[in-house]
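Residue numbers (the numbering used here): 7 to 438.
All residues carry an ideal CB built from backbone N, CA and C; glycine is no exception.
Remember, predicted model here, so these are calculated numbers, not experimental data.
Note sheet for the following structure.
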């Protein structure tokens with residue numbers, strides 16, 4: 007299954023470019039250097055050459071960016087649109103094919119296609135619902151379920167992350183299976199949901215340059231690839247901005263320091279830090295309007311937004327007017343995440359483990375709730391995102407932090423099992 011760099015990059019491979027990338031990280035410690043090169047290769051492999059397929063020769067898609075779990079964004083020259091593809095789709099399809107094809111009718115192509123069509127209809131409903139709250143802040147876009155020619159070299163990269171040769175349990179029996187052979191030089195037609203969106207890459211570039219533009223700048227505070235927050239700081243921040251235990255508390259220097267400790271990254275300022283340096287009332291007003299809408303949206307729909315990263319939600323001056331742009335704020339999950347939170351928090355209080363799906367909801371939803379409520383606190387808004395249902399009086403936030411960190415490190419022997427069956431939430435012995 008392992009591919010060489012040439013296999014991985016195919017006709018887009020450039021020996022000089024690869025050598026320069028190696029040189030760029032030569033002085034870093036070995037583990038950091040390896041991680042940097044792997045990240046570069048993972049993104050670089052998503053570039054497409056016109057010679058790989060007649061459709062590519064016709065459209066000549068230009069790779070723009072990759073984000074999220076494994077999202078690829080391509081510009082279509084001559085068209086006012088970009089195409090966004092969640093590469094988790096072919097990755098998981100490959101895992102299904104290797105495990106269940108021919109053994110379980112739920113994973114046959116016709117059934118998977120029907121599931122995809124159902125998901126597409128729900129995604130469209132979700133998009134219409136978001137637009138009813140946020141209006142023109144969402145760029146114009148539409149979704150299509152279509153056949154996409156996926157180069158084998160890209161599918162091999164996705165499959166390497168999804169499966170390895172090992173023993174798994176299927177229907178109570180031990181089953182040995184090997185990854186299916188994938189030809190790097192072949193094209194694999196795959197039915198995928200593609201999101202077409204108005205090309206706003208010029209605005210993204212302005213955010214990157216900091217040119218009359220700032221980002222909401224969220225990140226997964228529980229992600230072990232970053233500096234993990236102190237348990238006591240995390241508890242206080244969660245009590246303040248998730249459980250909303252201190253509604254009359256002012257936002258002062260201590261609260262700002264707490265937010266910086268939890269949500270700050272060494273290489274960039276937080277949104278609150280930037281706003282404190284700002285003397286532009288129009289920008290503050292636009293941020294206030296977005297936060298108020300986000301709170302109303304989440305309380306009404308029990309759904310969250312994706313504010314992680316620089317490009318998902320940002321504020322940019324267009325024709326002299328500050329404007330909120332939600333470039334990629336839709337969470338690719340169909341169920342209302344917030345509705346699962348109280349059940350999970352109560353399970354943790356009883357020394358029980360939430361299932362993997364609920365664990366994922368906490369992982370991606372809690373940073374959103376905490377950051378939006380903190381910014382609302384800073385701006386003097388009284389409304390907050392509220393977790394539906396009854397939250398236990400004493401939440402063990404330290405346990406929750408440890409569980410989320412564990413959940414973001416799925417153990418290798420389970421890498422091929424579909425997400426909803428993965429036993430991600432294991433009891434960390436130091437916490438239980």
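Where residue i falls, given that 16 or more other Cβ within 10 Å makes a residue buried
i: residue 45; result: exposed
i: residue 51; result: buried
i: residue 26; result: exposed
i: residue 309; result: buried
i: residue 216; result: exposed
i: residue 276; result: buried
i: residue 141; result: exposed
i: residue 143; result: buried
i: residue 408; result: buried
i: residue 16; result: buried
i: residue 325; result: exposed
i: residue 90; result: buried
i: residue 121; result: exposed
i: residue 380; result: buried
i: residue 254; result: exposed
i: residue 38; result: exposed
i: residue 1; result: The structure shown does not extend to residue 1, since the chain spans only 7 to 438, so no value can be given for it.
i: residue 350; result: buried
i: residue 36; result: exposed
i: residue 124; result: exposed
i: residue 258; result: exposed
i: residue 40; result: exposed
i: residue 304; result: buried
6 Å CB neighbourhood of residue i in its chain, flanking five on each side removed
i: residue 213; result: 219, 221, 316 and 320
i: residue 313; result: 222, 224, 319 and 374
i: residue 296; result: 330
i: residue 154; result: 196 and 198
i: residue 18; result: 53 and 55
i: residue 385; result: 294
i: residue 58; result: 157
i: residue 345; result: 308 and 394
i: residue 335; result: 311, 312, 318 and 319
i: residue 237; result: 404
Endpoints, beta strand (DSSP E) assigned at residue i
i: residue 237; result: Unbroken run through residue 237 is the alpha helix (DSSP H), 237 to 247; no beta strand (DSSP E).
i: residue 204; result: 193 to 204
i: residue 322; result: 320 to 324
i: residue 346; result: Looking at the DSSP string, residue 346 is not in any beta strand (DSSP E); the run it does join, the alpha helix (DSSP H), is 344 to 355.
i: residue 327; result: 327 to 331
i: residue 221; result: 219 to 221
Same chain, Cβ closer than 7 Å to residue i, five either side skipped, listed in chain order
i: residue 301; result: 378, 382, 389, 390 and 391
i: residue 239; result: 264, 267 and 268
i: residue 70; result: 79, 80, 81, 88 and 207
i: residue 61; result: 155
i: residue 96; result: 156, 161, 164, 196 and 198
i: residue 24; result: 11
i: residue 93; result: 76, 77, 78 and 164
i: residue 119; result: 197
i: residue 116; result: none
i: residue 194; result: 156, 158 and 161
i: residue 68; result: 80, 81 and 83
Residue interval of the alpha helix (DSSP H) (run including residue i)
i: residue 19; result: Neither: residue 19 is in no alpha helix (DSSP H) and is coded neither H nor E.
i: residue 148; result: Looking at the DSSP string, residue 148 is not in any alpha helix (DSSP H); the run it does join, the beta strand (DSSP E), is 147 to 157.
i: residue 306; result: 287 to 307
i: residue 207; result: 207 to 215
Close Cβ partners of residue i (< 8 Å) along its chain, the five nearest in sequence each way excluded
i: residue 34; result: 42
i: residue 252; result: 245 and 246
i: residue 328; result: 286, 288, 289, 291, 292, 321 and 322
i: residue 21; result: none
i: residue 440; result: Missing from the structure shown is residue 440; the chain here goes from 7 to 438 and no further.
i: residue 298; result: 382, 387 and 389
Ignoring anything shorter than 4 residues or poking outside the stretch 44 to 87, list the alpha helix (DSSP H) runs there in chain order.
Annotation: the stretch 44 to 87 contains the following complete segments of the alpha helix (DSSP H) (minimum length 4 residues), in chain order: 60 to 65.
Is there contact between the stretch 126 to 136 and the stretch 155 to 162, where contact requires at least three CB pairs shorter than 8 Å?
No, the stretch 126 to 136 does not touch the stretch 155 to 162.
Which ranges does the alpha helix (DSSP H) cover as unbroken runs of at least 4 residues, wholly within the stretch 250 to 276, from first to last along the chain?
List check, alpha helix (DSSP H) in window: 259 to 269.
Touch check for the stretch 277 to 289 and the stretch 366 to 376: three-plus C-beta pairs under 8 Å?
These segments do not touch.
At least 3 beta-carbon pairs within less than 8 Å: the stretch 145 to 159 vs the stretch 196 to 215
yes
For the stretch 287 to 294 and the stretch 391 to 403, state whether three or more C-beta atom pairs, one from each stretch, are separated by less than 8 Å.
no
Complete alpha helix (DSSP H) runs within the stretch 363 to 418 (minimum length 4 residues, chain order):
403 to 413
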